[in-house]
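Its first residue numbered 33, the sequence shown is counted upward by one per residue in this note's numbering.
Even for Gly, the Cβ is constructed at its ideal location relative to N, Cα and C.
First up is the structure itself, then whatever we jot down about it.
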Amino acid sequence: MGSLASDKWAEDGSPLGNIKNVAVIGAGISGVVTTAHLLREGFMVTVFERTGVVGGVWNYAPQPDRDPPFPNVRPPNPNWAEIEKDGLSSDDVALIHGPPNPCYAGLKNNIPTPIMRSSLLRWPEGSEDFVDQRVVHQYIQDIARLHDVYDKILFYTRVESVSKPEGSSKWIVITSTFSKTDSGHILERKTWKFDAVVVASGHYHVPFVPDVPGLATWKQRFPDRVTHSKQYRTPTPFSNQTLLLIGAGVSAVDIAKETAPLGAKIIQSRRESKYDVLGPRLPEGVERVSMTAKFTIDGDTTSQVLEPGHSIPGKVILEDGRVLEGIDCVVVATGYITSYPFLGDLEQPLVPWEDADDKVLITSDGYITHNLHKDIFYIPDPSLAFIGVSHLVSTFSLFDFQAQVAAKVFSGQAQLPSQSEMKREHKERKVRFQPGERFHSMFGVEDKYIEEVLDWVNGDLKKAGLEPLPGMDEEWLAGYKVLKERHKSLA
């Protein structure tokens, strides 16, 4: 568990100049660039990474994660003791302790490389706009190597609790490190103290599985035929199958593009919204239909294993009343739940998002990370920061920029507004938020966000006689302008 005992942030917004050692949770792109920028500012940094590699979601492993519950609509309560159950092999414990990421073999970036890059390293000369995961993974590893990030990482180490006791200036971080031995494995728990914590763990860990009537029964009866996209690795199992894809995001489009050449007949079920802009990227022949409303099973079948060549014996009723039959496989590509299980009572899975108080971070919606200033700093105590929360952005570029901002604030070179001002701004943002919108989306307005944050940070740096942050260069700005125009044409 984890928590924040009290609200200690100075009302006058005095700078965070007393931070010396920082914990970074996660060694994906957000954690790597954050660590590199913190090291540049002279901080002592410890990175906790629960897998054995740098790269986060860009690290491909053939072994998928375990199936999520069906349905799965809220942030789960952590069960740290699960790895101590009797009968688990060392491989079982390793899978639970550091679950594989959702990377599939054919994954490519969907943001062009010229606007998806860190300020710490340019892409290799001649890089194409869209490259496969091996190239992206190597790029992240190169950043970590060139900026001495590897030396700061504790691999196979998961964070189980982050808290700040009443009256303390230190964050208490409890970790568990997994290691194999000749006779099995050991788990070593350790307690640490830090002046600040940066959460850079991403949000592609807990699959969101909608509560569609009958879907859980299909999964129970035909477990190998119904999966979440996090389990997807290669298109081969879907050759010549009638595949129902639920969802309209990047993974759904990628799965359609990979399986269609192998003879898959693809039906994409999705809910229409302004974010449904990827339809033109689908391969020819994909049938787009309305959202699923119900799954039924024919007769009294109790068989859990279907012979090859046999479709699922049931029907899918869509929201417009249409009925689908002859479905061989279902892939639920409906995204992920944002969860920070190590933050204890700052995560409230049963509280509706509209009832969030001025302390809570995660509520039942599993999407909004509440009470952040500029999507980075936890307002009640800004020595807790988040990198990578913003959505529908240039990813690597923006997260690198946010990491630079965090480093300047932690060093005291840039000063946050007063707590009352940050609360006011956050409240106004929530007032503008409408159901169906994506609270952290910067779809088409990322450049304005960067300009606004730069004005604040560089104003403080200028007053102190320090070099300003450069922000995005002309190549990025030109590329982002083209990307915005392309999205407008698809809307």
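Item: Inter-stretch contact at 8 Å, needing at least 3 Cβ pairs: the stretch 140 to 155 / the stretch 401 to 417; Value: no
Item: Beta-carbon gap between Gly84 and Phe187 smaller than 7 Å; Value: yes
Item: Secondary structure of Tyr512, DSSP reduced to three states; Value: helix
Item: The stretch 106 to 114 contacting the stretch 251 to 259, beta-carbon criterion three pairs below 8 Å; Value: no
Item: Buried versus exposed call for Asp389 [16 or more other C-beta atoms within 10 Å across all chains shown]; Value: exposed
Item: Same chain, Cβ closer than 6 Å to Gln165, neighbours up to 5 away in sequence not counted; Value: Trp90, Tyr92, Cys135, Leu139
Item: Within 7 Å, strictly: CB atoms of Glu116 and Ala439; Value: no
Item: Reduced DSSP secondary structure (H/G/I, E/B, other) of Ile51; Value: coil
Item: The stretch 303 to 310 / the stretch 267 to 282 touching (three or more Cβ pairs under 8 Å); Value: yes
Item: Neighbour-count burial assignment, Ser208, 16 or more Cβ in a 10 Å radius; Value: buried
Item: Ala288 vs Ile298 beta-carbon contact at 7 Å; Value: yes
Item: Classification of Glu506 by the beta-carbon crowding that lies within 10 angstroms, buried from 16 upward; Value: exposed
Item: Cβ-heavy atom distance, Val363 to the ligand NAD, below 6 Å; Value: As presented, the structure is devoid of all ligands, the ligand NAD included, so that no description of it is given.
Item: Three CB pairs or more closer than 8 Å across the stretch 392 to 400 and the stretch 367 to 383; Value: yes
Item: Under the three-state DSSP convention, the category Tyr182 falls into; Value: helix
Item: Exposed unless 16 or more other CB atoms sit within 10 angstroms - verdict on Gln451; Value: buried
Item: Under the three-state DSSP convention, the category Lys306 falls into; Value: coil
Item: Check whether Val364 and Val241 have beta carbons under 7 Å apart; Value: yes
Item: Segments assigned alpha helix (DSSP H), at least 4 residues, entirely inside the stretch 145 to 231; Value: 165 to 178
Item: For Cys135, the residue or residues it bridges with in DSSP; Value: Paired residue(s): none; Cys135 is not in a bridge.
Item: Reduced DSSP category for Tyr481 - H, G, I as helix; E, B as strand; rest coil; Value: helix
Item: Residue ranges of each beta strand (DSSP E) within the stretch 230 to 280, 3 or longer; Value: 258 to 260, 274 to 278
Item: Residue span of the alpha helix (DSSP H) that contains Glu460, given as start and end; Value: 451 to 464
Item: Endpoints, the beta strand (DSSP E) within which Gly346 is located; Value: 346 to 350
Item: Exposure label - Lys251; buried when at least 16 CB within 10 Å; Value: buried
Item: Any 3 or more C-beta pairs closer than 8 Å across the stretch 424 to 437 and the stretch 148 to 166; Value: yes
Item: Residues that Glu319 bridges to, as DSSP identifies them; Value: Ile299
Item: Sufficient close CB pairs (3 or more, under 8 Å) joining the stretch 338 to 358 to the stretch 197 to 213; Value: no
Item: Exposure label - Leu178; buried when at least 16 CB within 10 Å; Value: exposed
Item: Residue span of the alpha helix (DSSP H) that contains Leu393, given as start and end; Value: Premise fails: Leu393 is in no alpha helix (DSSP H) and is neither H nor E.
Item: Cross-strand partners of Ala417 (DSSP beta bridge); Value: Val230, Phe409
Item: Separation of Val64 from Val238, as counted between CA atoms; Value: 22 Å
Item: Cut-off 8 Å between Cβ atoms - residues of its own chain near Ser271, not counting five sequence neighbours on either side; Value: Thr291, Leu294, Gly295, Ala296
Item: Proximity of Leu70 and Val194 at Cβ, strictly below 7 Å; Value: no
Item: Straight-line gap, Val86 to Leu127 (C-alpha atoms, nearest Å); Value: 17 Å
Item: Minimum C-alpha distance to Asp180 - residue among Thr67, Glu160, Gly199, Thr328; Value: Thr67
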